[in-house]
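Before any comments, here is the structure.
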Amino acid sequence: MRRRPGALAPFEAMEKGSPKNQQTRLCFLASLSAFFWILLLYFHFVVLGRSTTIEDSVPSPPFKPESPIVNVESIPARVTKEKPPVVKPVMNTATEKVVTYPFMRALRTVENKSDPCGGRYIYVHNLPPRFNEDMLKECKSLSLWTNMCKFTSNEGLGPPLENVEGVFENTGWYATNQFAVDVIFNNRMKQYECLTNDSSIAAAIFVPFYAGFDIARYLWGYNISRRDAASLDLVDWLMKRPEWGIMGGKDHFLVAGRITWDFRRLTEEESDWGNKLLFLPAARNMSMLVVESSPWNANDFGIPYPTYFHPAKDEEVFVSQDRMRNLERKWLFSFAGAPRPGNPKSIRGQIIDQCRQSKVGKLLECDFGESKCHSPSSIMQMFQSSLFCLQPQGDSYTRRSAFDSMLAGCIPVFFHPGSAYTQYTWHLPKNYTTYSVFIPEDDIRKRNVSIEERLSQISPEQVKIMREAVINLIPRLIYADPRSKLETLRDAFDVAVDAVINKVTKLRRNIIQGRTEYDNFVEENSWKYDLLDEGQREVGAHEWDPFFSKPKDEQRDQSAEAAKNSWKNEQRDQS
Numbered sequence: 001m002r003r004r005p006g007a008l009a010p011f012e013a014m015e016k017g018s019p020k021n022q023q024t025r026l027c028f029l030a031s032l033s034a035f036f037w038i039l040l041l042y043f044h045f046v047v048l049g050r051s052t053t054i055e056d057s058v059p060s061p062p063f064k065p066e067s068p069i070v071n072v073e074s075i076p077a078r079v080t081k082e083k084p085p086v087v088k089p090v091m092n093t094a095t096e097k098v099v100t101y102p103f104m105r106a107l108r109t110v111e112n113k114s115d116p117c118g119g120r121y122i123y124v125h126n127l128p129p130r131f132n133e134d135m136l137k138e139c140k141s142l143s144l145w146t147n148m149c150k151f152t153s154n155e156g157l158g159p160p161l162e163n164v165e166g167v168f169e170n171t172g173w174y175a176t177n178q179f180a181v182d183v184i185f186n187n188r189m190k191q192y193e194c195l196t197n198d199s200s201i202a203a204a205i206f207v208p209f210y211a212g213f214d215i216a217r218y219l220w221g222y223n224i225s226r227r228d229a230a231s232l233d234l235v236d237w238l239m240k241r242p243e244w245g246i247m248g249g250k251d252h253f254l255v256a257g258r259i260t261w262d263f264r265r266l267t268e269e270e271s272d273w274g275n276k277l278l279f280l281p282a283a284r285n286m287s288m289l290v291v292e293s294s295p296w297n298a299n300d301f302g303i304p305y306p307t308y309f310h311p312a313k314d315e316e317v318f319v320s321q322d323r324m325r326n327l328e329r330k331w332l333f334s335f336a337g338a339p340r341p342g343n344p345k346s347i348r349g350q351i352i353d354q355c356r357q358s359k360v361g362k363l364l365e366c367d368f369g370e371s372k373c374h375s376p377s378s379i380m381q382m383f384q385s386s387l388f389c390l391q392p393q394g395d396s397y398t399r400r401s402a403f404d405s406m407l408a409g410c411i412p413v414f415f416h417p418g419s420a421y422t423q424y425t426w427h428l429p430k431n432y433t434t435y436s437v438f439i440p441e442d443d444i445r446k447r448n449v450s451i452e453e454r455l456s457q458i459s460p461e462q463v464k465i466m467r468e469a470v471i472n473l474i475p476r477l478i479y480a481d482p483r484s485k486l487e488t489l490r491d492a493f494d495v496a497v498d499a500v501i502n503k504v505t506k507l508r509r510n511i512i513q514g515r516t517e518y519d520n521f522v523e524e525n526s527w528k529y530d531l532l533d534e535g536q537r538e539v540g541a542h543e544w545d546p547f548f549s550k551p552k553d554e555q556r557d558q559s560a561e562a563a564k565n566s567w568k569n570e571q572r573d574q575s
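Put into structure tokens, the structure is as follows:
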């Protein structure tokens, strides 16, 4: 610091004075130095030591955004080239108070421009094996009708598919079970390039619990105590961990390869369906990635069903995409599925009738017993030969078939927005008209609209543009082989992890600023918030309100019944 000239006179006089004055000067300097160090130590241990935790000081803002056991000690954590930044206090703009938060060190890793993992680190909990690995050892018990042992092979991809009929490429294709996401995702996480053993720099925390496999064991013939046991055990284990206290679990996420209704039991009645994992207070803070989410809840998020294609290299994806562009497609539309005679609101029967009556429509009927619907090559061959693929609701909103058809370069036709548009907002464009066709269910159910006539009105030029959009989506809809890693392409795993990190990062910044993401948040309208444009903070009336506007309890009762029917029909078709 520069000093003013007038301040030099006393020191000059001192230098010309007696030895006694010089002693006084030394004492003064020593005292000044001691005072400086005392002040520095006080600031370090008292001011910076007062880190507040989220659970104690900040009200929870509502939000909805946009394997074998993982041994964390064995994970090669990426080491930053520079020392992580020190946690510094910041100003809360709402309260105008200087505060610090335990997660601020993680937020500041993004400032280290020499670290490619800054702001992207994931910490993986080292769960006891009863939560994952032990389930795989008892794979025969994971499904009532299916021996899941062969489907958990090859890191969850299942056995390789032979290209006998020339439907597939020679590598990257497997007979993957539609409910195998638990193990596939966990094994993909092992290959994530920004794993860390230091939870204080983690952008998010992953919980490698096989939630889908757990509930699948006990859905039929077990009491609610047995169905809930592992979920309660998991939550108890997590809440005792120091990582949990940082944000009360709001930075934690897990994956379940089943529909959300299997984890949303409303009552303690033994006859009620599923477990109550997603209704546990602690679990409501975590983000759960499921193959079908709830439109009316904020703690679950839809991710794609696994398809049969799991490439190990970018080139395998490019070859498949080029092949889909050049295939001859002789059918205007096609449908693979079975009727739902027990569901009076299902339009499947009418769709099947229209397929049978059309000369440009193809039907692959599915029913109990031997069926071509159980043959991946038969299904994919039909989709590859079709311009449009019909995707009505199954027993619940969604179907694996939608992703199989897009993998084949076939333009999906949806009849309910809950089948894709409000489900997979991380993976699919908001502008659904670019890659799909929407025909409201009532057009089929009440007005008997001709599907053939509606699709024939789309020009060949527009069909080509839409098909190209579908083919370009393929990388982000598939799960790459967990034993390798794509070089430049981002698969469904990468998209989901990035979305979780963005969600947690936005929440942390909002907490620091003392604000919430949305104005007047209403959880029952969760599906609407995902559809907002950047910067919008409030929802209003929407064209799809009629599809989700029934009393919530009635909808949840129907959803639970749908989950039960889905389980019954699991061996029938690809629903």
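Residue 1 is where the sequence shown starts when you use full-length UniProt numbering, and the numbers rise one by one after that.
Backbone N, C-alpha and C define an ideal beta-carbon position, used for all residues, glycine too.
Keep in mind the model is a prediction, meaning the values are calculated, not measured.
For the region 351-359 and the region 378-387, state whether three or more C-beta atom pairs, one from each stretch, are separated by less than 8 Å. Of all C-beta pairs linking the region 351-359 to the region 378-387, fewer than three are shorter than 8 Å, placing the two stretches out of contact.
Does DSSP put glycine 221 in a helix, in a strand, or in coil? coil
Take asparagine 448 as the anchor and find which of Gln350, Thr516, Asp519 has the nearest alpha-carbon. Gln350
Terminal residues of the continuous alpha helix (DSSP H) containing glycine 245? Glycine 245 -> alpha helix (DSSP H) spans 242-247.
Residue range of the unbroken beta strand (DSSP E) whose run includes tryptophan 331: 331-337
From what residue to what residue does the alpha helix (DSSP H) around leucine 136 run? 133-137
Considering serine 287, what are the terminal residues of the alpha helix (DSSP H) in which it resides? Run containing serine 287: none in the alpha helix (DSSP H); it sits in the beta strand (DSSP E), 287-292.
If glutamine 391 sits next to proline 412, beta carbons under 8 Å apart, how far is it from one beta carbon to the other, in whole angstroms? 5 Å
Our contact map puts aspartate 386 next to serine 334 with C-beta atoms below 8 Å; I'd like the distance itself, whole angstroms only. The identity of residue 386 in the sequence shown is serine, whereas the question assumes aspartate. Indeed they touch by this definition, with Cβ atoms about 4 Å apart.
Touch test, the region 221-236 against the region 469-477, Cβ-Cβ under 8 Å, three pairs minimum: no
State buried or exposed for alanine 402, treating a residue as buried only when at least 16 other CB atoms are found within 10 Å of its CB. buried
In this structure, does DSSP put threonine 80 in helix, strand or coil? Reliability of the predicted coordinates at threonine 80 is poor, the pLDDT of 36 falling under 50, and no value is obtained from them.
Buried or exposed for glutamine 513, please, with buried defined as at least 16 other CB atoms from any protein chain shown within 10 angstroms of its CB. exposed
In the region 126-211, which residue ranges form an unbroken beta strand (DSSP E) of at least 3 residues, counting only runs that do not cross its ends? 204-206
Strictly by DSSP, which residues pair up with leucine 390? Val413
Going by CA-CA distance only, name the one from Arg265, Pro344, Asn154, Tyr305 that's closest to tyrosine 174. Measuring from the Cα of tyrosine 174, the nearest candidate turns out to be Asn154.
Output the distance between the C-alpha atoms of threonine 146 and aspartate 322, rounded to the nearest integer angstrom. The straight-line gap from Cα to Cα measures roughly 35 Å.
Please report the residue range of the beta strand (DSSP E) in which aspartate 300 lies. 300-302
Identify which residue in Glu165, Phe131, Met104, Cys117 has its Cα closest to the Cα of proline 376. Among Glu165, Phe131, Met104, Cys117, the Cα nearest to that of proline 376 is on Glu165.
Given a cut-off of 8 Å on the beta-carbon distance, is the pair arginine 265 and serine 200 in contact? For arginine 265 and serine 200, no; Cβs fall outside 8 Å.
So, for proline 304: in the same chain, excluding its five sequence neighbours on each side, which residues have a beta-carbon less than 7 Å away from its beta-carbon? Phe403, Tyr424, His427, Leu477, Ala492
Quick one: residues in its chain with C-beta nearer than 6 Å to the C-beta of leucine 157, no 5 flanking neighbours on either side, listed in chain order? Tyr174, Thr176, His310
Three or more C-beta pairs under 8 Å: does that hold for the region 263-278 against the region 126-134? no
Tell me the rounded alpha-carbon separation between valine 255 and arginine 188. Their backbone Cα atoms lie some 12 Å apart in a straight line.
Using 8 Å for Cβ pairs, my map puts glutamate 534 next to tyrosine 518. What's the rounded Cβ distance? Their Cβ separation, rounded to whole angstroms, is 13 Å, which puts glutamate 534 and tyrosine 518 out of contact at 8 Å.
Could you tell me whether the region 478-492 touches the region 207-227, using the rule of 3 or more Cβ pairs below 8 Å? Contact between the region 478-492 and the region 207-227 is absent, because fewer than three Cβ pairs lie under 8 Å.
Same chain only: Cβ atoms within 8 Å of asparagine 163, ignoring 5 sequence neighbours per side: The answer, listed in chain order, is Glu169, Asn170, Trp173.
Counted within 10 angstroms of its Cβ, other Cβ atoms place alanine 203 as buried (16 or more) or exposed: buried
Buried/exposed call for glutamine 393, threshold 16 Cβ in 10 Å: Buried, because 16 or more other Cβ atoms sit within 10 Å of the Cβ of glutamine 393.
Count the other CB atoms, across all protein chains shown, that sit within 10 Å of the CB of glutamine 384; report buried if there are 16 or more and exposed otherwise. buried
Given this structure, state the Cα-to-Cα distance separating asparagine 112 from threonine 152, to the nearest angstrom. 40 Å
Quick check on this structure: which residue in Val124, Ile465, Pro295, Leu142 has the alpha carbon closest to the alpha carbon of tryptophan 220? Leu142
Cβ shell of proline 76 (< 6 Å), same chain only, five flanking positions each side left out: The predicted position of proline 76 is uncertain, since its pLDDT is 40 and thus under 50; a value taken from the coordinates is nonetheless stated next. The answer is none, since no qualifying residue turns up.
Which class does tyrosine 123 belong to by DSSP, given the choice of helix, strand or coil? In this structure, tyrosine 123 counts as strand in the three-state DSSP scheme.
Rounded distance between the beta-carbons of glutamate 452 and glycine 361, thought under 8 Å: 6 Å
If you run the structure through DSSP and keep just helix, strand and coil, what is lysine 362? strand
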